[in-house]
Amino acid sequence: MTGYADAAEAILLDIEGTTTPVAYVVEVLFSFARERAAEFLRQHGQEPAVQEDLSQLRREYINEPETVPAWFGDEPTAAVPYIHYLIECDGSGTGRKSTALKSLQGKLWNQGYREGQLQSQLFADVKPALERWHAAGKHIYIFSSGSVQAQQLLFGHTEAGDLRPLLSGYFDTTTGSKKAPDSYRKITAAIGLPPERILFISDVTAELKAAQAAGMQTLLSCRPGNAAPADAGFDSITSFEAI
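Residue numbers (the working numbering): 203 to 445.
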């Protein structure tokens with residue numbers, strides 16, 4: 203291990219563009235959720251947990267401008283145009299960071315993984331690094347805008363097998379925005395370590411700035427397929443082999 207890992211007792215990882223190719227998230231996961239949303243809501247729309255997601259989405263919809271697709275009716279599938287809008291509205295293909303959307307997507311992906319329609323892709327160096335850090339006594343956590351359920355599904359159904367035994371915990375947007383320093387302070391408190399003993403790795407500089415403001419160590423992930431970083435000023439890696 204390099205000095206980065208040696209100086210940290212815990213490693214906090216982003217997913218998209220860090221452990222997992224952006225293309226898998228956009229072209230596989232989000233496309234899967236978009237294409238199957240209507241059928242999923244026809245089958246499961248009356249379940250209490252799905253109803254809660256839809257209620258939260260409806261509350262978000264009320265505050266939208268009139269230009270968004272209309273939500274007509276009370277049947278679960280009436281939400282589909284708005285769900286499609288949320289997935290597509292920022293132009294990235296990964297959708298708005300809506301907690302309700304992420305929760306609903308997690309349920310869709312759960313069905314896909316269980317039925318063998320989905321299998322997670324990771325960069326080749328990820329599993330060896332997780333095993334190496336775990337063997338060295340490091341605690342490994344995930345912080346993603348995807349729901350905790352979605353994170354557990356992703357790491358539980360990878361092409362390299364079930365990696366969940368190597369992970370110590372998960373954080374999502376119920377903790378707060380990934381671009382807010384207070385979110386990292388909450389994570390620090392939950393982990394129970396001084397922030398300077400936690401290393402956060404992400405491909406988004408705004409997230410790294412927030413983590414630094416909370417006192418964490420940071421590394422910029424520069425993976426194939428990632429967008430060019432908005433600015434410099436961070437130590438960077440192209441592979442976990444460097445950690």
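Virtual Cβ for every residue (Gly too), placed ideally from N, Cα, C.
Secondary structure in the segment 268–349: the alpha helix (DSSP H) runs of 4 residues or longer, each lying completely within the stretch, are 282–290, 301–316, 328–337 in chain order.
Counted as a single uninterrupted DSSP element, the alpha helix (DSSP H) harbouring residue 242 occupies residues 233–246. Taking C-beta atoms as the reference points, residue 214 and residue 400 count as a pair closer than 8 Å. Secondary structure at residue 442: helix, using DSSP grouped into helix, strand and coil. The way I'd put it, the segment 300–311 does touch the segment 368–388; three or more beta-carbon pairs between them come closer than 8 Å. For residue 281, the closest of 347, 383, 359, 238 by C-alpha to C-alpha distance is 238.
The segment 307–320 makes no contact with the segment 406–420: fewer than 3 CB pairs, one atom from each, lie closer than 8 Å.
Within the same chain, 390, 416, 417, 418 come within 6 Å of residue 397 by CB-CB distance, once the 5 residues on both sides are set aside. Scanning 340, 318, 378 for the CA closest to the CA of residue 367 turns up 340.
For residue 403, there is no enclosing alpha helix (DSSP H); the enclosing beta strand (DSSP E) has its first and last residue at 400–404. It is roughly 46 Å from the alpha-carbon of residue 242 to the alpha-carbon of residue 208. It is roughly 21 Å from the alpha-carbon of residue 335 to the alpha-carbon of residue 350.
Under the DSSP definition of a beta bridge, residue 215 partners with 344, 403. Looking at the backbone, the Cα of residue 352 and that of residue 344 are separated by about 11 Å. One alpha carbon belongs to residue 255, the other to residue 222, and they sit about 26 Å apart.
Counting of Cβ neighbours within 10 angstroms places residue 236 among the buried residues, the total reaching 16 or more. Annotation for residue 368: no alpha helix (DSSP H) segment contains it, and DSSP assigns it neither H nor E. Cβ neighbours of residue 329 within its own chain (closer than 7 Å, five residues either side excluded): 362, 365. When the beta-carbon positions are compared, residue 412 and residue 386 come within less than 8 Å of each other. Residue 429 and residue 246 have their C-alpha atoms spaced approximately 36 Å apart. Bounds of the beta strand (DSSP E) holding residue 422 are 419–423. Scanning 298, 445, 358 for the CA closest to the CA of residue 318 turns up 358. Residue pairing by DSSP places residue 222 opposite 218 in a beta bridge. Straight across, the Cα-Cα distance linking residue 287 with residue 270 is about 7 Å. The three-state secondary structure of residue 377, taken from DSSP, is coil. Note: residue 363 is bridge-paired with 360 in the DSSP secondary-structure output.
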